[in-house]
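Novice: Residue numbers (this note's numbering): 1 to 328. Cβ atoms here follow ideal geometry from the backbone N, Cα and C, with glycine treated the same way. What follows is a single structure, and I will ask about it in a moment.
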């Protein structure tokens, strides 16, 4: 018994110290860092689910788990948001007609709820009534209604115009839409504050749905990008200015994006019949039409640290920790 307890204690110490027990450390000697990072990610996912479990009813009641409901909330609150059309499994003719009225020859298609990346597609008009629906796996041509009926059959979808970056941002980061991850919290005095802002830039500018992105911390006050190390800078798109020039770049619309997220949080808090999570994450964009809210993002609302494509960790800010501890 004593020997077993000693072994268990050693394993526990190693697990706390390294994220791997000694046997795993030996088995994964050549991929130790990757296994450790994957395990950390799984732990964070579990932490997200546990944290949000008590707020699920409020999230559903306020339409924060539905992209179509969130679009209606933004419209009612006067908050800029992409034009959004929801279309059901039967691909109703009136919904198809509304999609046809969306401006532009390119559309963004995604599930009506759930993670944005899963099931996302881009639709291009290729002539007349024919469209091309592009997913990470394949491209299909046909009439738009038939393509949507086949894509994620049986699920509700939302369709929006495919947005591009505003010209000052596109000048150095490319046209493909950058996403700004903003975390807000409502303090005990009732005021909503921005805790953090990150800029996610697509790495593969030639892909319709790029999977690789690089993340910059952004000052919510002045919009300055924080410096990146050499490894992160080397992953930036070739179309951009020299990598070193990204450090210190400024997002001129940072203040407007911050104000949008804070206004959305304040409007929700004022109307909330059920207690909301103390922090809310938002996806926003600085588009050619101006700053816009895209959708709530609960993963970014509760993550205790962020990890970008180069593996940099950004420590939990004291303000963020206090908001979570005090319950908003």
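For residue 212, which option in 96, 202, 143 has the closest C-alpha, if you only look at C-alpha atoms?
Specialist: Residue 212 has its Cα closest to that of 202, out of 96, 202, 143.
Novice: Tell me where the alpha helix (DSSP H) around residue 171 begins and ends.
Specialist: Where residue 171 is concerned, the enclosing alpha helix (DSSP H) stretches over 167-173.
Novice: May I ask whether a heavy atom of the ligand HEM can be found less than 7 Å away from the beta carbon of residue 113?
Specialist: In the structure shown, the ligand HEM is absent, as is every other ligand, since no ligand is present at all.
Novice: When the Cα atoms are used, what is the spatial distance from residue 193 to residue 219?
Specialist: Rounded to the nearest angstrom, the two C-alpha atoms are 13 Å apart.
Novice: If I measure Cβ to Cβ from residue 87 and keep anything under 6 Å in the same chain, skipping five residues before and after, which residues do I get?
Specialist: Cβ neighbours of residue 87 beyond the five flanking positions: 95, 157.
Novice: With DSSP run on the structure shown, which of helix, strand or coil describes residue 249?
Specialist: The answer is coil: DSSP assigns residue 249 none of H, G, I, E or B.
Novice: Whole angstroms are fine: how far does the CA of residue 155 sit from the CA of residue 119?
Specialist: Near 10 Å, if we compare the C-alpha coordinates of residue 155 and residue 119.
Novice: Please report the straight-line C-alpha distance between residue 302 and residue 277, rounded to a whole angstrom.
Specialist: Low local confidence applies: a pLDDT of 47 at residue 302 is under 50, so the model's placement there is unreliable, with the coordinate-based value given in what follows. If I take the Cα positions, the gap works out to 9 Å.
Novice: Going by C-alpha to C-alpha distance, which of 253, 279, 268 sits closest to residue 167?
Specialist: For residue 167, the nearest C-alpha among the options comes from 253.
Novice: Do you know offhand how far residue 97's Cα is from residue 190's?
Specialist: The straight-line gap from Cα to Cα measures roughly 43 Å.
Novice: Which residue from 271, 224, 275 puts its Cα closest to that of residue 255?
Specialist: Closest option to residue 255, Cα to Cα, is 224.
Novice: Helix, strand or coil for residue 289, going by three-state DSSP, please let me know.
Specialist: Looking at residue 289 - three-state DSSP - the assignment turns out to be coil, as it is neither helix nor strand.
Novice: Would you call the CB atoms of residue 180 and residue 112 closer than 8 Å?
Specialist: Going by C-beta atoms, residue 180 is not nearer than 8 Å to residue 112.
Novice: Hey, is the region 256-268 in contact with the region 134-151, meaning 3+ C-beta pairs nearer than 8 Å?
Specialist: The region 256-268 is not in contact with the region 134-151.
Novice: Do residue 160 and residue 53 have their C-beta atoms closer together than 8 Å?
Specialist: No, they are not a contact pair.
Novice: Assign residue 273 to one of three DSSP states: helix, strand, or coil.
Specialist: If DSSP states are grouped into helix, strand and coil, residue 273 belongs with coil.
Novice: Using the three-state DSSP reduction, which class does residue 257 fall into: helix, strand or coil?
Specialist: In the structure shown, residue 257 sits in a helix (DSSP, three-state: H, G or I).
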